[in-house]
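Asker: Residue numbers (our numbering): 3 to 139. Every residue gets a Cβ at the ideal spot worked out from N, C-alpha and C, and that includes glycine.
#1: What did DSSP end up calling residue 83 once you bin it into helix, strand or coil?
#2: Give every residue of the same chain whose Cβ lies closer than 7 Å to the Cβ of residue 93, excluding the five residues on either side of it in the sequence, and list them in chain order.
#3: Which residues in the same chain have their Cβ closer than 7 Å to the Cβ of residue 67, if we skip the five residues on either side of it in sequence?
#4: Which whole-angstrom value describes the C-beta separation of residue 57 and residue 79, a residue pair presumed to lie in contact below a C-beta threshold of 8 Å?
#5: Do you know whose CA, among 38, 19, 45, lies nearest residue 98's CA?
#6: Candidates 74, 30, 25: which alpha carbon is nearest residue 42's?
#7: What do you reckon, are the CB atoms on residue 18 and residue 73 nearer than 8 Å?
#8: Can you grab the Cα-Cα spacing for the pair residue 122 / residue 86, in whole Å?
#9: Nearest CA to the CA of residue 44: which residue from 30, 31, 33, 65?
#10: Could you pull the start and end residues of the alpha helix (DSSP H) that residue 57 belongs to?
#11: Determine which residues share a DSSP beta bridge with residue 5 and list them.
Right under this line is the structure:
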């Protein structure tokens with residue numbers, strides 16, 4: 003079973019940018035089904051300059067999930083999630099379809115993304131940081 007966070011305003015569609023999401027809906031997903039667990043309020047959802055709210059604070063809020071489904075996420079926020087061991091997947095559309103697809107292919111998706119990150123970090127002496135010349139994302 004995997005715990006998945008979804009950035010949504012309506013519980014139907016993945017329709018929020020990570021940095022602007024007011025709340026995340028948390029689901030438990032396995033190969034054949036998913037279950038809604040809770041809503042997590044994201045507190046202030048403005049930029050860091052306006053409220054002091056940072057990508058790191060949101061990443062901490064989601065530290066116990068494996069994957070976050072969002073319509074878009076910036077590179078700094080994605081790095082903060084990865085530091086927590088969380089994968090961000092930018093997708094659009096129905097939560098139902100996305101969670102069912104993730105349930106069927108979640109292990110493959112996680113392994114593919116994590117392999118890319120490890121390969122990138124181990125190349126060209128970049129000291130473990132993203133942004134290497136091979137296009138680490």
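Answerer: Let me lay it out:
#1: helix
#2: 16, 71, 100
#3: 5, 6, 7, 28, 88
#4: 4 Å
#5: 38
#6: 25
#7: yes
#8: Residue placement at residue 122 is poorly supported in this model, since its pLDDT is 41, which falls under 50; the coordinates are not used for a value here.
#9: 65
#10: 57-63
#11: 30
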